[in-house]
Amino acid sequence: MKKKVLTVDDSRTIRNMLLVTLNNAGFETIQAEDGVAGLEVLEEANPDVIVTDINMPRLDGFGFIEGVRRNEKYRAVPILVLTTESDAEKKNRARQAGATGWIVKPFDPTKLIDAIERVTA
């Protein structure tokens, strides 16, 4: 059975790149354009892993991660942060919110797939 990945990013370009990369690797991909939309589709998406940006309108990645972690059902779902940020303080804040890993944009498709495979193994 295909693993489901929920991607949350306000950039249409990044969402398209993620969709192509993940679908080509055999994943089922559900997309949301910001943290609010991500939380809205979470129940129906029921993802095996989440890939989220940090800087987004309405609800940023930190708030989104906290929202996911407040839901008992998704407490253990791996969350990878995919962002242009590389600041140690932001990485630490994401970790404290419940992020599993951190990938800096622009992403290498092979490394992204490897990271997803690792956290969902």
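Heads up: the sequence shown at position 58 corresponds to 614 in the numbering used here, and the numbers run straight through without jumps.
Every residue gets a Cβ at the ideal spot worked out from N, C-alpha and C, and that includes glycine.
Is residue i helix, strand or coil when you go by DSSP?
| i | result |
| --- | --- |
| residue 640 | coil |
| residue 620 | helix |
| residue 557 | coil |
In chain order, what residues of the same chain lie with their CB nearer than 7 Å to the CB of residue i, ignoring the 5 residues before and after it?
| i | result |
| --- | --- |
| residue 631 | 625 |
| residue 558 | 582, 583, 584 |
| residue 676 | 559, 604, 605, 634 |
Residue i lies in the beta strand (DSSP E); which residues open and close that run?
| i | result |
| --- | --- |
| residue 560 | 560-564 |
| residue 657 | 657-660 |
Considering residue i, what are the terminal residues of the alpha helix (DSSP H) in which it resides?
| i | result |
| --- | --- |
| residue 633 | Where residue 633 is concerned, there is no enclosing alpha helix (DSSP H), given that its DSSP letter is neither H nor E. |
| residue 670 | 665-676 |
Which same chain residues end up closer than 6 Å to residue i when comparing Cβ atoms and leaving out the 5 residues on each side of it in sequence?
| i | result |
| --- | --- |
| residue 660 | 642 |
| residue 672 | 605 |
| residue 549 | Here the chain covers residues 557 to 677 and nothing more, so residue 549 does not appear. |
| residue 623 | 595 |
| residue 600 | none |
Can you give me the Cβ contacts of residue i inside the same chain, cut-off strictly under 8 Å, excluding the 5 residues immediately before and after it?
| i | result |
| --- | --- |
| residue 596 | 588 |
| residue 567 | 609 |
Practice task
Return the chain-ordered ranges of every beta strand (DSSP E) run that is complete within the region 580-618 and spans a minimum of 3 residues.
Solution key: 584-588, 605-608
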